[in-house]
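For reference, the structure is listed below as structure tokens.
In UniProt numbering, the protein residues as written are 1 to 170.
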């Protein structure tokens, strides 16, 4: 049997069944981001990226919201919080073509969306019609730039136990 492995020293490197994945696709799509944001936003380096004094990392990892948070903690952070339009633009440039968990939940009280650090969300970029609890409780936020839903932005997943293909840590 083949086993999957996650390389902690190179967090953007994942191997499964002899297949090695480097998160280079997002990097290749956004070669011009350095000029747009004035920061080093290299995607395939396996390093934390700095934008506006904050550090972010984007990883390929098909896991639940709780497992995504555990992964971020193991890397020295938490699921990402997004505080303003500029950070959202940076994150959207990195996540282009993807859907990724971010650090927002309303698990404590339905409809009261808080960041992972229990601070209220003062900036949001919800998709059209979100949050809406369609088909039952939806308590964990995903930032969606995959084009699967109209109006790219933040959506909330059907259930936190569902998997998203990527995660954002800060």
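Ideal Cβ positions, reconstructed from N, Cα and C, are used throughout, including at glycine.
Remember, it's a predicted structure, so these values are computed and weren't measured experimentally.
Backbone secondary structure at residue 68 - three-state DSSP: helix
Go to residue 104, then tell me how far its beta strand (DSSP E) extends in each direction, as first and last residue. 99 to 105
Straight-line gap, residue 84 to residue 107 (C-alpha atoms, nearest Å): 23 Å
Assigned exposure category for residue 105 - 16 Cβ within 10 Å defines buried: buried
Less than 8 Å between the CB atoms is what I'm expecting for residue 58 and residue 100, so what's the real figure, rounded? 7 Å
Of the choices 75, 141 and 77, whose alpha-carbon is the least far from that of residue 113? 141
State the Cα-Cα distance for the pair residue 80 and residue 102, rounded to the nearest angstrom. 5 Å
Residues near residue 64 in its chain [Cβ-Cβ closer than 7 Å; skip 5 each side]: 160, 161, 162 and 163
In whole angstroms, give me the CA-to-CA distance for residue 52 and residue 69. 22 Å
Here's the rule: buried if 16 or more other CB atoms are within 10 angstroms of the residue's CB, otherwise exposed. What is residue 132? exposed
I need the boundaries of the alpha helix (DSSP H) containing residue 128, first residue and last residue. Neither: residue 128 is in no alpha helix (DSSP H) and is coded neither H nor E.
Just checking my contact of residue 61 with residue 71 at CB under 8 Å: how many whole Å lie between their CB atoms? 6 Å
For residue 124, tell me which candidate among 118, 78 and 143 has the shortest Cα-Cα distance. 143
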